[in-house]
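The sequence shown begins at 55 in the working numbering and counts up by one.
Report on the following structure.
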Amino acid sequence: MNVEIAVAIGLLIFIYTLMTLNVIHRTVVAMMGAGLGALALAFMGKKPTFEGLLHYISFETLGLLMGMMIIIGIMGESGIFRRVSFYIFKFCKGSPHLVFIMLILATALFSAFLDNVTTLLIIVPITIDVTKLMNVSPTRFLIAEALSSNIGGTATLIGDPPNIMVGSVYGFSFMSFIYNVAPVILIILFVNMLLWYFPERKRLREVETCPIPSRYKKPVNRRIFVRSVIVLLLVIVLFFLEDLINVSSAVIALAGATLLLLLTGIDIYQALSNVEWPTLLFFAGLFIFIGTLEEMGLIKAIAYQITNAAGENFTLLLLLILWVSAIASAFIDNIPYTATMIPVLAYLSTHANIPLEPLAWALVLGACLGGNGTLVGASANVVMAGVAEKEGLRIDFWEFFKMGFPSMLISIAISSLYLVLRYA
Numbered sequence: 055m056n057v058e059i060a061v062a063i064g065l066l067i068f069i070y071t072l073m074t075l076n077v078i079h080r081t082v083v084a085m086m087g088a089g090l091g092a093l094a095l096a097f098m099g100k101k102p103t104f105e106g107l108l109h110y111i112s113f114e115t116l117g118l119l120m121g122m123m124i125i126i127g128i129m130g131e132s133g134i135f136r137r138v139s140f141y142i143f144k145f146c147k148g149s150p151h152l153v154f155i156m157l158i159l160a161t162a163l164f165s166a167f168l169d170n171v172t173t174l175l176i177i178v179p180i181t182i183d184v185t186k187l188m189n190v191s192p193t194r195f196l197i198a199e200a201l202s203s204n205i206g207g208t209a210t211l212i213g214d215p216p217n218i219m220v221g222s223v224y225g226f227s228f229m230s231f232i233y234n235v236a237p238v239i240l241i242i243l244f245v246n247m248l249l250w251y252f253p254e255r256k257r258l259r260e261v262e263t264c265p266i267p268s269r270y271k272k273p274v275n276r277r278i279f280v281r282s283v284i285v286l287l288l289v290i291v292l293f294f295l296e297d298l299i300n301v302s303s304a305v306i307a308l309a310g311a312t313l314l315l316l317l318t319g320i321d322i323y324q325a326l327s328n329v330e331w332p333t334l335l336f337f338a339g340l341f342i343f344i345g346t347l348e349e350m351g352l353i354k355a356i357a358y359q360i361t362n363a364a365g366e367n368f369t370l371l372l373l374l375i376l377w378v379s380a381i382a383s384a385f386i387d388n389i390p391y392t393a394t395m396i397p398v399l400a401y402l403s404t405h406a407n408i409p410l411e412p413l414a415w416a417l418v419l420g421a422c423l424g425g426n427g428t429l430v431g432a433s434a435n436v437v438m439a440g441v442a443e444k445e446g447l448r449i450d451f452w453e454f455f456k457m458g459f460p461s462m463l464i465s466i467a468i469s470s471l472y473l474v475l476r477y478a
């Protein structure tokens with residue numbers, strides 16, 4: 055192991071230990087990581103510049119998040135989320151068991167056909183409102199929804215960024231993902247629902263529902279609601295047509311937010327107050343930190359070790375790609391990791407005569423499901439925590455880890471069995 059890799063591993067352990075201890079806010083820790091990573095590159099003689107560090111930030115991700123936060127925030131001004139919470143409560147007859155299951159299933163379904171961040175921006179405020187009506191803590195509801203969104207998003211081509219990357223480079227269709235990935239995702243979702251529900255069932259049984267406050271029965275502002283829905287549907291349709299119209303998702307989201315501001319006339323300061331600025335700063339810091347680790351060669355070293363350890367054993371290679379991708383994606387951004395692994399798999403397919411598709415599905419399952427391992431493993435997790443924090447609810451790294459990491463291990467174990475039985 056050379057010095058650069060050793061420093062990268064040391065920094066990774068240090069920063070994630072700070073996040074786990076929850077003594078300093080995760081945004082400050084991420085920004086600290088960015089600074090330490092830049093200093094480490096400077097001491098190694100790589101001369102990082104400000105422009106070079108900004109290059110590591112995925113402004114596509116930040117733009118998408120900001121645009122959707124504004125759109126969903128304006129929609130929330132209409133009072134629709136509180137009204138939907140009331141109808142969910144009535145439909146489930148105040149049963150926390152039914153509400154828990156219904157919200158998890160809805161999150162997984164929407165995440166398969168929307169991006170999972172948008173899904174959680176809609177679901178989280180509704181969940182917090184419904185749990186207030188049931189007089190129950192929303193924490194495990196919200197964590198289960200974040201986990202469910204990552205599982206549901208794995209099932210389709212458009213559900214998660216690694217899927218889009220793998221599909222576009224290798225030329226896999228929407229139906230290829232449905233045929234090869236969706237079956238095991240349905241099994242994983244069912245098993246995980248049992249895993250999340252059974253520890254909660256006794257506590258949910260003891261819940262005494264509250265009288266429904268009058269504010270939940272207030273009429274919705276139809277003007278804001280109708281215009282918000284039209285713009286949101288337009289944005290979603292354009293997301294599906296992104297490749298055809300050759301416009302990025304961030305541009306679509308920001309254009310939609312601008313259009314909605316014009317249509318509703320809502321004050322710009324009020325609209326921007328709905329943006330989770332600490333969450334955006336967290337992502338910016340984390341992107342720079344992971345970029346510096348990538349510059350030190352950490353991600354390439356992981357890819358090399360996978361292929362070197364497996365040798366010519368196809369089954370072992372399949373499982374190594376799956377498990378290493380999952381563990382890596384729980385702690386480092388799965389986008390640069392996936393970008394690094396895509397050419398590695400293509401090389402193996404071309405030069406070692408190994409079928410590409412099974413390796414690609416192992417990468418997709420590992421990179422997407424691995425995000426459930428920690429609070430910072432997936433964008434959806436961080437966004438969920440950010441929205442919850444704005445509502446006065448703090449979800450820390452360790453609390454998420456206790457529920458997410460076992461869920462990730464079970465998901466990857468099921469994926470291992472599936473890949474071996476179907477492809478090996």
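C-beta atoms are modelled at their ideal positions from N, C-alpha and C, and glycine is treated no differently.
Cα-Cα separation, M247 to E105 = One-based indexing of the sequence shown puts residue 247 at position 193. One-based indexing of the sequence shown puts residue 105 at position 51. Each residue's Cα considered, the two are about 45 Å apart.
Can you list, in chain order, the residues of its chain whose CB lies under 6 Å from that of T392, leaving out five sequence neighbours each side?
-> On the sequence shown, residue 392 is found 338 positions in, with the first residue counted as 1. Within the same chain, T392 has close Cβ partners P216, M219, A421.
What is the rounded straight-line gap between the Cα of I212 and the Cα of A307?
-> As a working mapping, residue 212 is identified with position 158 in the sequence shown. As a working mapping, residue 307 is identified with position 253 in the sequence shown. About 16 Å.
If we count the other Cβ atoms within 10 Å of its Cβ and call it buried at 16 or more, is P412 buried or exposed?
-> As a working note, residue 412 is residue 358 in the sequence shown. P412 is buried by the Cβ-count criterion.
Buried versus exposed call for G64 [16 or more other C-beta atoms within 10 Å across all chains shown] = Residue 64 sits at position 10 when you count from the first residue of the sequence shown. It counts as exposed.
By the 10 Å Cβ neighbour count, where 16 or more other Cβ atoms means buried, how is G127 classified, buried or exposed?
-> For the purposes of this step, residue 127 is identified with residue 73 of the sequence shown, where counting begins at 1. By the neighbour-count criterion, in which a residue is buried when 16 or more other Cβ atoms sit within 10 angstroms of its Cβ, G127 is buried.
Proximity to R281 [Cα-Cα], best of R136, D183, I125 | Walking along the sequence shown from the start, residue 281 turns up at place 227. The candidate whose alpha carbon is nearest that of R281 is I125.
Between the CA atoms of L315 and N204 - distance to the nearest angstrom | Translated into the one-based positions of the sequence shown, residue 204 becomes position 150. Translated into the one-based positions of the sequence shown, residue 315 becomes position 261. Straight-line Cα distance between these residues: approximately 30 Å.
Per DSSP, what kind of secondary structure is I202 in: helix, strand or coil?
-> The residue given as residue 202 occupies position 148 in the sequence shown. According to the sequence provided, residue 202 is Ser. The question's Ile does not apply to it. Three-state result, S202: helix.
Using the beta-carbon count (16 or more within 10 Å), is L157 buried or exposed?
-> Within the sequence shown, residue 157 is the residue found at index 103, counting from 1. So L157 counts as buried.
If we count the other Cβ atoms within 10 Å of its Cβ and call it buried at 16 or more, is F294 buried or exposed?
-> Stepping through the sequence shown from its first residue, residue 294 is reached at position 240. Under this definition F294 is an exposed residue.
Can you tell which of M85, G91, M120 has the C-alpha that lies nearest to the C-alpha of L352?
-> Locating residue 352 in the sequence shown gives position 298, counting from the first residue. Of the candidates M85, G91, M120, the one whose C-alpha sits nearest the C-alpha of L352 is G91.
Report the rounded CA-to-CA distance for T361 versus L371, giving the unit in angstroms.
-> On the sequence shown, residue 361 is found 307 positions in, with the first residue counted as 1. On the sequence shown, residue 371 is found 317 positions in, with the first residue counted as 1. Distance between the alpha carbons of T361 and L371: 7 Å.
Quick one: residues in its chain with C-beta nearer than 7 Å to the C-beta of L374, no 5 flanking neighbours on either side, listed in chain order?
-> Here residue 374 refers to the residue found at position 320 when the sequence shown is read from its first residue. Excluding positions up to five away in sequence, the list reads I360, A363, A364.
Roughly how many whole angstroms lie between the Cα atoms of A467 and I322?
-> The residue labelled residue 467 in the question sits at position 413 within the sequence shown. The residue labelled residue 322 in the question sits at position 268 within the sequence shown. For A467 and I322, the distance between alpha carbons rounds to 48 Å.
S222 to A200 span [Cα, whole Å] = For the purposes of this step, residue 222 is taken as the residue at position 168 of the sequence shown. For the purposes of this step, residue 200 is taken as the residue at position 146 of the sequence shown. Their Cα atoms are separated by approximately 26 Å.
Have a look at G121, K144, L72, V238 and flag the residue whose alpha-carbon is nearest the alpha-carbon of V329.
-> Against the sequence shown, residue 329 aligns to sequence position 275. The shortest Cα separation from V329 among G121, K144, L72, V238 belongs to G121.
Using only alpha-carbon positions, find the residue among T71, A162, I78, I111 that is nearest to A88.
-> The residue given as residue 88 occupies position 34 in the sequence shown. Ranking the options by Cα distance to A88, first place goes to I111.
Spatially closest choice to Y224 from P397, S469, G427, by CA coordinates | Numbered from its first residue, the sequence shown carries residue 224 at position 170. Measuring from the Cα of Y224, the nearest candidate turns out to be P397.
Report all residues from its chain with a CB closer than 7 Å to the CB of A434; omit the five preceding and five following residues, and keep chain order.
-> Residue mapping note: residue 434 aligns to position 380 of the sequence shown, counting from 1. The answer, listed in chain order, is N170, V171, L174, A200, S203, N204.
Whole runs of the alpha helix (DSSP H) within the region 406 to 434, excluding any shorter than 4 residues | 410 to 423
The alpha helix (DSSP H) enclosing D214, as first and last residue numbers = As a first step, residue 214 must be located in the sequence shown, where it is residue number 160. Here D214 belongs to no alpha helix (DSSP H), and DSSP marks it neither H nor E.
Can you give the Cα-Cα distance for A325 and P409, rounded to whole angstroms?
-> Position 271 of the sequence shown, counted from the start, is the residue given in the question as residue 325. Position 355 of the sequence shown, counted from the start, is the residue given in the question as residue 409. Answer to the nearest angstrom: the Cα atoms are 50 Å apart.
Closer than 7 Å by C-beta to S470: which residues in its own chain qualify, once you throw out the five before and the five after it? Chain order, please.
-> Numbered from 1 along the sequence shown, position 416 holds the residue referred to as residue 470. L373, L376, listed in sequence order.
In three-state DSSP terms, what is L447?
-> Looking up residue 447 in the sequence shown gives position 393. L447: coil per DSSP, three-state reduction.
Could you check which residue in M129, G206, F226, A166 has the C-alpha nearest to that of I180?
-> Taking the sequence shown and counting its residues from 1, the one referred to as residue 180 is at position 126. The candidate whose alpha carbon is nearest that of I180 is M129.
In three-state DSSP terms, what is K147?
-> Taking the first residue of the sequence shown as position 1, residue 147 is located at position 93. The answer is coil: DSSP assigns K147 none of H, G, I, E or B.
First and last residue of the uninterrupted alpha helix (DSSP H) at G102 = Taking the first residue of the sequence shown as 1, we reach residue 102 at position 48. In the sequence under discussion, the amino acid at residue 102 is Pro, which differs from the Gly named in the question. From DSSP, P102 is part of no alpha helix (DSSP H); its letter is neither H nor E.
Under three-state DSSP, which class holds F226?
-> Stepping through the sequence shown from its first residue, residue 226 is reached at position 172. Note: F226 maps to coil in three-state DSSP.
Could you check the C-alpha separation between D450 and N407 for me, to the nearest Å?
-> Sequence index remark: in the sequence shown, residue 450 carries index 396 (1-based). Sequence index remark: in the sequence shown, residue 407 carries index 353 (1-based). Between D450 and N407, the C-alpha separation is close to 45 Å.
In whole angstroms, what is the alpha-carbon distance linking L475 and T369?
-> The residue you call residue 475 lines up with position 421 of the sequence shown. The residue you call residue 369 lines up with position 315 of the sequence shown. In a straight line, the C-alpha of L475 is about 10 Å away from that of T369.
Candidates E453, V57, L402, K100, of which the one nearest A198 by Cα | Here the question's residue 198 lines up with position 144 in the sequence shown. Cα-wise, what sits closest to A198 is E453.
Looking only at its own chain, which residues have a Cβ that is under 8 Å from the Cβ of N76, when we skip the five neighbours before and after it?
-> What you label residue 76 is simply residue 22 of the sequence shown in a count that begins at 1. D450, F451, W452.
Residue range of the alpha helix (DSSP H) that Y323 falls in?
-> Working through the sequence shown from its first residue, we reach residue 323 at position 269. It spans 322 to 326 - the alpha helix (DSSP H) in which Y323 sits, taken as one unbroken run.
Please classify G351: does DSSP put it in a helix, a strand, or coil?
-> What you label residue 351 is simply residue 297 of the sequence shown in a count that begins at 1. Looking at G351 - three-state DSSP - the assignment turns out to be coil, as it is neither helix nor strand.
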